[in-house]
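Contents: one structure, followed by commentary.
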Amino acid sequence: MTQHNISIRRRLGYSLVGLFTISFGILLIATNQIIKRDRLQRHERLVMATAMAIKTEFEDVSQKPVGQEESLDNQRYRQILNNFSATRVLVWLSRPEADPLFPNTATVQQFFGNPKLLEAAGVNASGMQKPRSFVFDGQTYFTCSMPLPGNQGVLRFLEDVGVSPAGRQENLIFLFVVWIFSVAIATVLIRRFLTSSLLPLIKLESVMDDMSLRPTGLVSEKRVPIESQPNELQGIVKSYNRLADRLQESWSNQLLFIRAVSHELITPLTLINSSARRLDRRLTDLSDSDRKLLASIRKEVWDADHLVRDLVDLARSESGSLKLKLSSVKAMDVIADLSAELEPLAWGNRVQTPSPENLSIVETVMISVNSDRLRQCIINVLENASKYSPEDAPIDLSVTSDDCNIYFDVQDYGPGISQEDQRTIFKPFQRGKSDLNDVPGGGIGLALVHQIVRLMNGSIYILSSGESGTIMRFEFPIE
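Residue numbers (the working numbering): 96 to 574.
Rendered as structure tokens:
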């Protein structure tokens, strides 16, 4: 299962947008509760004021002078209730031993359309009831009660708040639009904030990507200043600078070691090879077995010298200190010089160089390369092919071209290269797992060839490989 990595910037962005959304939702809920509480308090104040006014009205009627008092019958009660009821407020008298008494004005008839509304409001409940809200048929109502003195009953209040489903839906749509607009603005601001906040990390990444061995021997041109970094990054920057210092020391020691070893090895190898050649010329009475031993010494010395020089070149190419002088040459001249260099090699007679007909195709082709290094690379690949193919099998070298590139193909008839080995064959010190134990090599040759070809603006790759052999291709642009 493929795992998709999410960047820190995106995670922070998602987190902040999510936090903003949650905060927005909490704010809406809190605002709704505050509005609801304020409405209930306003309803309670309205009820208190209305109840006091009604009680005062009742007391004024019952406390008139003797001979002028009036009895509070249902008609008089209803008249008082009519005075204090309105379009959105219904006031009625709930009595424990009689039916509730309602106002009969036209303004309150909307409350009697559905009897269940009054049941939900507690039409004839006794005792005092604190203000509460309820929803009936999509509408929001507030209700409460206030008992009258002298067991006259309980004044009950029902207020239509006026929050309809259509109004609520419009409010929700408006709040949703506000949320989208707010999230869009917040996203832009958060992105700019994160870009600014992560700028030190981006700069640190750029410096770390630039870490490589320069031709001057430096691992990195500069160190990251610690003082200008945020507190959270100062520890990472210190670790990076210490790592760069350790790498610098390691690279320097490695280069010094390679130079010292190459000097200490190449000099005696040259002397051994020179001495072996002189012995071969001066001693004429050697037996065949002795001459074979002498030839073996020269071959092993040549192989060791070749290996040491390749190792030095590989180290220089990886450090960037290997510089090649490129010049415009004819492809035919490269093949001609290559044929001359192959003649003295033990396996050189196995190489089938391009025929005159094949060379005529590239007669006028010019390429910008270092001729000596190109021949070195081709010989290296040819030698590698000779090691991994039967001793009596030929090695074919051919040249082709198109409108843009020229191709040098080296074909052997060995066992081929596995797909797994093809992925690592051009890496330093990597040898195929299928390599025979008696095949000499240190995994340096093809890695060096790859580096040198790259420095000449070319490429090398495996064109095909199977049981019938392998074709290794060099590709260079035509001038």
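Just so it is clear, CB atoms sit at the ideal spot from N, CA and C, and this is done for glycine as well.
Exercise. Do you know offhand how far L402's Cα is from L328's?
Worked result: 45 Å
Exercise. Just checking my contact of N479 with L406 at CB under 8 Å: how many whole Å lie between their CB atoms?
Worked result: Contact flag wrong, Cβ pair sits at about 16 Å.
For this session: Counting only runs of 3+ residues fully inside the region 340-421, write out the beta strand (DSSP E) ranges in chain order.
Result: none
Problem set entry | Status (buried if at least 16 other CB within 10 Å, exposed otherwise) for G330 | exposed
Problem set entry | Counterpart residues of P572 in DSSP-defined beta bridges | N500
Exercise. Below 8 Å between beta carbons: does that hold for V186 and L141?
Worked result: no
Exercise. Rounded to whole angstroms, how far is the Cβ of L477 from the Cβ of V505, which I believe are closer than 8 Å?
Worked result: 6 Å
Exercise. Between the region 447-454 and the region 493-501, do three or more beta carbon pairs fall short of 8 Å?
Worked result: yes
Exercise. For I547 versus C472, is the C-beta distance shorter than 8 Å?
Worked result: yes
Problem set entry | Secondary structure of E458, DSSP reduced to three states | coil
Exercise. Got a sec, what are the start and stop residues for the alpha helix (DSSP H) R468 sits in?
Worked result: 466-482
Exercise. Who are Y236's beta bridge partners in DSSP?
Worked result: F229, D255
Exercise. Considering only residues of the same chain and omitting the five flanking positions on each side of A426, which have a CB-CB separation below 7 Å?
Worked result: V457, V460, I462, V494, I501
Problem set entry | For P191, three-class secondary structure by DSSP | coil
Problem set entry | C-beta contact flag for T238 and G217 at 8 Å | yes
Exercise. With DSSP run on the structure shown, which of helix, strand or coil describes Q506?
Worked result: strand
Exercise. Between E265 and H138, which are expected to be in contact by the criterion C-beta below 8 Å, what is the C-beta distance as a whole number of angstroms?
Worked result: Wrong, their Cβ atoms sit about 23 Å apart, outside the cutoff.
For this session: Quick one: residues in its chain with C-beta nearer than 6 Å to the C-beta of L111, no 5 flanking neighbours on either side, listed in chain order?
Result: I285
Problem set entry | Which of helix, strand or coil DSSP assigns to L541 | helix
Exercise. Helix, strand or coil: how does DSSP classify L212 here?
Worked result: helix
For this session: Give the range of the alpha helix (DSSP H) segment to which I297 is assigned.
Result: 294-304
For this session: Please name the residue or residues paired with V424 in a DSSP beta bridge.
Result: I462
For this session: May I have the straight-line CA-CA distance separating W397 from S423, to the nearest angstrom?
Result: 31 Å
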